[in-house]
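These notes concern the structure reproduced below.
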Amino acid sequence: MTDFLNTPTTSGFLPYLTNTARKNFNLDPWLTILLGLVAVFGLVVLYSSLGKDQAAVVALVVKLGFGFGLMVAACCISPLTYFRLTPMIYVGVVLLLVVVMFFGESAKGSQRWLDLPGLPRFQPSELLKLAIPLMIGWYFCLRSFKLKLLDFCVVLAIAGIPTALVLLQPDYGTAMILLLGTAGVLFVVGLRWYWIVLAIVLFAALVPFAWLYLLHDYHRTRISILFNPDSDPQNAGWNILQSKTAIGSGGLTGKGLFNGTQSQLDFLPEGHTDFVLAVIGEELGFVWCTLLLLCYLLIFIRVLYLSIRSSNGFGHLVSAGIAIIFFLYVVVNVAMVLGLLPVIGLPLPLVSYGGTSAVSTLVSFGVVMAICTRKQWMDRE
Amino acid sequence: MKVERSTLQVPKERHGILLFRSMAIGAIGLLVVGGLVFRLYQLQIVDHERYETRARENRLVTQPIAPARGLIYDRNGVALAGNRQVQSLSVIGENVDDVDALLVRIREIIEFTPDEEESFRKRLKVQLRPRTGEKVTLKRHLSDKELAIFAVNRYRYPDVFVTTETLRDYPMAGLMAHVVGSVRQVTTEDLQRLDSVSYAATKYIGRRGIEKFYETELHGQVGYRTVEVNVHGRVMRELSQVPPVRGRTLTLHVDSNLQRLADEEIGERRGAVVAIDPNTGGILALVSKPTYDPNFFVMGMTDRGYTDLIARRDTPLFNRATQGTYPPGSTFKPVIALAGLSLGATDWEYVVSDPNGEFRLPNVSRIWRDWDWNVQGTGGQGEIDLYRAIYRSSNVYFYDMSTRLHVDDLASFAAQFGYGRATAIDVADADPGLMPSTRWKQETLNDKWYPGDSVNLSIGQGGMMVTPLQMATAATVVANRGEWVRPRLLLSSDQPIELDEGFTEQYPRVEGPTDEDWAQMVDALKAVIHRGGLGYKQNGVAWAYIGMDIPYEMAGKSGTAQVVEIPQGEEYNDESLTETQRKHALFFAFAPPEDPVIVVAVVVENGGIDGGGSKIAGPIARKLIESYLNRTVALSRD
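Protein sequences, first through last, are from chains A and B. Residue numbers for the first sequence follow this note's numbering, so the first one is 5 and each next one is one higher. Residue numbers for the second sequence follow this note's numbering, so the first one is 216 and each next one is one higher.
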């Protein structure tokens, strides 16, 4: 068995590439099927939520196809290549974030979008859900997966620098997810229990301080409205009230696709983006909501399973990080729509309308497949 | 940096913890999803009904539908009041947060006047039915061009609506204003007073005239529809409807041809004409001049427009025919004559001598004069019996008779002719006039009744007040020889209308006068007009003005009502009085005398001079009767 990187077996670039790809074709069938199911489900729901706007759905199909293509491509690359490229990917994404800070396009009060010539418009912050796990995994490989105070600080810096840039946009939701995801990776790598307790205590102590000094007024309103949405039903409480009304009125089996009154009559805001779960809850009911959540859970478990099975520490950590961040998106979005968390602008992965999010999610799963399921690596053990 | 596979490997001693922690993460994930599913269960299964109700309340709105107001026609089927539909621009009042910004936005595509804006702001501030999603109109009567512009820009104005509004329409404008009345916009006070259910969608309510009296019948019954609305309140579809029941169609006795003629005859003067069909009591014409255009009230007059109308000295809003009260003057003489006959104060043979046109009471220094004394300035009318007292309109005869007639007996006799009472069935706000009595004088002037008061009253002065409608009513009773038909405007309706008992009560025949008395009285009233060519003091007082060339028979009586008290010893000088202090000219007539088909009463305010009743009001009455007879004769020939 030879390493293709060091000893090319065939002459010519194209034969080499196809040969390499065939040898390394690591598409995980279960994960692909689950992701496909969620994506198709999302398309059906969006077709209803967008008021049967076929053009928009077709555009989304193209983006998802592109995403799946990239996923397949990403799964064909060797883990060593990813390992080597990691620092460049990380630095590249951070640089893109800096570019966004100066040249980005604003939408709804925050500067998140980048419109580079020759590329479709995209959000560089979405790439962080791949770049940060990669970089952390890379770092721990160098450190032989030891976790000392210094390592802790370095990992905080790795996650903290891009997160700070995201906070400046400002995009509190994504920043929060990235930090929590990092904490999750630290947990997997073996953060000691007393540190965990300490962190929780520290966080709890920080809450009143944050409430007074860090949060904006509208944050405070959003949090307090959570406990009493009826106190201001027309303004601050509107989203959460209408969302709960939509979901609750759906009942067990829903009102039927295209028949949701809350969503079709515009009572529900952001029905095709952040609050898409409310549309599902209203039109398809408890059954389909639960099935969707189950799909997400299975994806999460499958990736964790792949990471455990990978028997390669880089793959293990990176996959765990990607899985945790993905799962956090789902949980925070669903909790928000169900009125358990304050309203934060986060999409439901693969279902909410939006290109970059879906594509980067799919690419990160491609990376997971590439670095976890490589047969050669498993054969060796 | 040299990268080996081994670089990526987990050291053996770290492998276990990674494995364990990964599984722990998975377990946490499982718990979290379990929690979320539990929350879903709570919302969708446990609290499902609560949220379903909320969703229904969000989207379903039950809207009342205003019924179409009943139509009003004259006896010939000419439309007097109808409905027309206009397209209006409106907003849902409670959804407006920033009215300035809204108006700026609307002005980008559709112009509106400052008056419209002012009125809109006012109605927005005081909403009629708050929290019902009621629309407030900004601009009425959008042109086709404006409608097209709005249609193109509709997506930019999700909060602005084009609605079809039904407006009351009075095609006759001012001509029928005092018959039909008008509607006005419903106010907050109305809604507190009215049945809030049946008026839930109604924008207009009858203000005067027929519109007011038959408000219940014209209004109809409210309908309902349940509609689905979107978050902006725009109706997406209708789910169910209980259609409204339109108001009754009313046909009036009024003849718009006769009405128009009367209106033209009074012309620019102030006055009133009432014509009644004595067989039915149907009011054929009811004119009050000046008049106003009731369409103004429909469109929602500006404050300034209303103030102008109110402030006019000739009070166009005032219904002279039913609410204007005038001393009846000599038009009262036929009734007091019948009272004298019935109560034994006189008979047809009794003769009064009037050598100098003066009358005195024993021990009273005041002199009461005959009207002719003022006209001729000389002498009296000579020997006068009752017949002559009527056709010459002798004051002295009645002065003399008044001494033998108790005022309270007179008052209750006169009440049989409708004096001091509102007798019309369906005339809104008709004034009952005033019939003096001892009690009245005690209560209002805190004084007892003097014989002099009776003398004044005997010629329809001294506090007695009647409306033109009452004049016509009394004339109808005389024309019918004491039989009553109460005046009414309504001829028929598409469905039977039930009125309260007070409105439908039949009045008994006048008691007292014999058949002979009635016949003689009608004959004397005929003489007022037809007795002529016998010399000034033998002619009927109206002969010279309307009787000389009359080709048919009619009976009538003139009157001249003094507006200001003339101090004793001074002459009444028309020149020295301001226009509004001059006497009113009064006249009533009916024809043909033997079998009357029309009764007319005419009042021309400040018509001027003594004898003005015959000279100024008389010709108007004759014109009307002539026109009506010509047409009824023409009709009966067919």
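Note that the Cβ used here is the ideal one computed from N, Cα and C, for glycine as well. All of these numbers come straight from a predicted model, not from anything done at the bench.
Within 7 Å of chain B by C-beta, residues of the stretch 309-334 of chain A in sequence order: S311, I312, N316, G317, F318, H320, A324, I328 and F331
Out of B/P279, B/Y370 and B/P329, point me to the one whose CA is closest to B/T347's CA. Counting from one through the second sequence, the residue named residue 347 of chain B turns up at place 132. When only C-alpha atoms are compared, the closest one is B/P279.
Against chain B, with Cβ distances strictly below 8 Å, would A/C145 count as a contact? As a position in the first sequence, residue 145 of chain A is number 141, starting the count at 1. Chain B contact via Cβ: present.
Give a yes or no on contact between the stretch 144-162 of chain A and the stretch 286-301 of chain A, applying the rule of three or more CB pairs nearer than 8 Å. no
Find out if the Cβ-Cβ distance for the pair A/G2, B/R265 is shorter than 8 Å. Residue numbering for chain A in the displayed model covers 5 to 385; residue 2 of chain A lies beyond these limits and cannot be assessed.
Alpha helix (DSSP H) segment containing B/K337, residue limits: The sequence position of residue 337 of chain B within the second sequence is 122, counting from 1. First-last of the alpha helix (DSSP H) with B/K337: P329 to K340.
Would you mind telling me which residues of chain A sit closer than 8 Å to B/P345, beta carbon to beta carbon, in chain order? Here the question's residue 345 of chain B lines up with position 130 in the second sequence. Correct list: empty, because the minimum Cβ distance to chain A is about 15 Å.
Go through its chain and collect everything with a Cβ distance to A/V102's Cβ below 8 Å, but skip five positions before and after it. Indexing the first sequence from 1 puts residue 102 of chain A at position 98. Result list for A/V102: L169, in chain order.
Pick from B/Y385, B/Y419, B/E426 and B/G482 that is closest to B/V818, judged by C-alpha positions: Here residue 818 of chain B refers to the residue found at position 603 of the second sequence. Nearest option by C-alpha distance: B/G482.
Please list, in chain order, all residues of the same chain as A/Y94 whose beta carbon is under 7 Å from its beta carbon, the five residues on each side excluded. Here residue 94 of chain A refers to the residue found at position 90 when the first sequence is read from its first residue. A135, L138 and M139, listed in sequence order.
Quick one: residues in its chain with C-beta nearer than 8 Å to the C-beta of B/Q300, no 5 flanking neighbours on either side, listed in chain order? Here residue 300 of chain B refers to the residue found at position 85 of the second sequence. Only T379, E380, T381 and L382 meet the Cβ criterion.
Comparing the C-beta of A/Q238 with each C-beta of chain B, is any distance below 8 Å? Against the first sequence, residue 238 of chain A aligns to sequence position 234. Output row for A/Q238: interface = no.
Within chain A, partners of B/D262 - CB distance below 7 Å: For the purposes of this step, residue 262 of chain B is taken as residue 47 along the second sequence, with counting starting at 1. Correct list: G252.
Contact criterion: CB-CB distance below 8 Å. Does B/S237 meet it with respect to chain A? Locating residue 237 of chain B in the second sequence gives position 22, where the first residue counts as 1. With 8 Å as the cut-off, B/S237 counts as an interface residue toward chain A.
Inter-stretch contact (C-beta, 8 Å, three-pair minimum) for the stretch 699-715 of chain B and the stretch 421-436 of chain B: yes
Close beta carbons around A/T249, own chain, < 7 Å, minus the five adjacent residues each side: Position 245 of the first sequence, counting from 1, holds the residue named residue 249 of chain A. Cβ within range, chain order: Q266.
Do you know offhand how far A/V65's Cα is from B/R269's? Start at 1 with the first residue of the first sequence, and residue 65 of chain A comes out as number 61. Start at 1 with the first residue of the second sequence, and residue 269 of chain B comes out as number 54. Answer to the nearest angstrom: the Cα atoms are 35 Å apart.
What three-state label does DSSP hand A/E109 in the structure shown? As a position in the first sequence, residue 109 of chain A is number 105, starting the count at 1. Reduced to three states, the DSSP call for A/E109 is strand.
Within the same chain, show all residues whose beta-carbon is closer than 6 Å to that of B/V489, passing over the 5 residues directly before and after it, in chain order. The count along the second sequence starts at 1 and reaches residue 489 of chain B at position 274. Correct list, in chain order: L501, A536, P683, L684, A687 and A816.
Are B/V314 and B/R344 closer than 8 Å when you measure CB to CB? Locating residue 314 of chain B in the second sequence gives position 99, counting from the first residue. Locating residue 344 of chain B in the second sequence gives position 129, counting from the first residue. In this structure, B/R344 does not lie closer than 8 Å to B/V314 by Cβ.
Just the C-alpha distance for A/F49 and A/Q58, rounded to the nearest angstrom, thanks. In the first sequence, residue 49 of chain A corresponds to position 45, counting from 1. In the first sequence, residue 58 of chain A corresponds to position 54, counting from 1. It should be pointed out that residue 49 of chain A corresponds to Val in this sequence rather than to Phe. Each residue's Cα considered, the two are about 12 Å apart.
For A/V62 and A/Y51, believed in contact at Cβ under 8 Å, the rounded distance: Along the first sequence, one-based indexing puts residue 51 of chain A at 47. Along the first sequence, one-based indexing puts residue 62 of chain A at 58. About 10 Å separates the two Cβ atoms, so there is no contact after all.
Got a sec: is the Cβ-Cβ distance from A/K248 to anything in chain B below 8 Å? The count along the first sequence starts at 1 and reaches residue 248 of chain A at position 244. A/K248 counts as touching chain B.
Proximity winner among B/V670, B/E726, B/E716 and B/L801, relative to B/V692 (alpha-carbon distances): Within the second sequence, residue 692 of chain B is the residue found at index 477, counting from 1. That would be B/E726, whose Cα lies nearest to the Cα of B/V692.
Tell me whether the beta-carbon of B/F802 lies closer than 8 Å to the beta-carbon of B/A832. Taking the second sequence and counting its residues from 1, one reaches residue 802 of chain B at position 587. Taking the second sequence and counting its residues from 1, one reaches residue 832 of chain B at position 617. Their beta carbons are under 8 Å apart, which means B/F802 touches B/A832 by this criterion.
Please report how far the alpha carbon of A/I244 lies from the alpha carbon of B/E272, in whole angstroms. Taking the first sequence and counting its residues from 1, the one referred to as residue 244 of chain A is at position 240. Taking the second sequence and counting its residues from 1, the one referred to as residue 272 of chain B is at position 57. In a straight line, the C-alpha of A/I244 is about 17 Å away from that of B/E272.
What is the DSSP secondary structure of A/V371, counted as helix, strand or coil? Taking the first residue of the first sequence as position 1, residue 371 of chain A is located at position 367. Helix at A/V371.
Where does B/M451 sit, in a helix, a strand or coil, going by DSSP? The residue you call residue 451 of chain B lines up with position 236 of the second sequence. Three-state result, B/M451: strand.
Take B/R274 and list the residues in its own chain whose beta-carbon comes closer than 7 Å to its own, dropping the five residues that flank it on each side. Reading the second sequence from its first residue, position 59 is the one you call residue 274 of chain B. Cβ neighbours of B/R274 beyond the five flanking positions: E443 and V444.
Along the alpha helix (DSSP H) that carries A/I37, what are the first and last residues, could you check? As a working mapping, residue 37 of chain A is identified with position 33 in the first sequence. Taken as a continuous stretch (DSSP letters only), the alpha helix (DSSP H) holding A/I37 covers P33 to S53.
Which residue marks the beginning of the alpha helix (DSSP H) containing B/H745, and which one marks its end? Taking the first residue of the second sequence as 1, we reach residue 745 of chain B at position 530. That run of the alpha helix (DSSP H) goes D730 to H745.
CB contact below 8 Å: A/C293 versus chain B: Within the first sequence, residue 293 of chain A is the residue found at index 289, counting from 1. True, the Cβ-Cβ gap to chain B drops below 8 Å.
Please list the terminal residues of the continuous alpha helix (DSSP H) segment that includes A/C115. Locating residue 115 of chain A in the first sequence gives position 111, where the first residue counts as 1. The residue asked about is misnamed: residue 115 of chain A is Gln in this sequence, not Cys. Counting along the chain, A/Q115 falls outside any alpha helix (DSSP H), though it belongs to the beta strand (DSSP E) covering S114 to W117.
Boundaries of the beta strand (DSSP E) in which B/K350 is found, first to last residue: Taking the second sequence and counting its residues from 1, the one referred to as residue 350 of chain B is at position 135. Run containing B/K350: K350 to K354, per the beta strand (DSSP E) assignment.
Distance CB(B/I321)-CB(B/I364) smaller than 8 Å: Position 106 of the second sequence holds residue 321 of chain B. Position 149 of the second sequence holds residue 364 of chain B. Cβ distance not < 8 Å, so B/I321 and B/I364 don't count as in contact.
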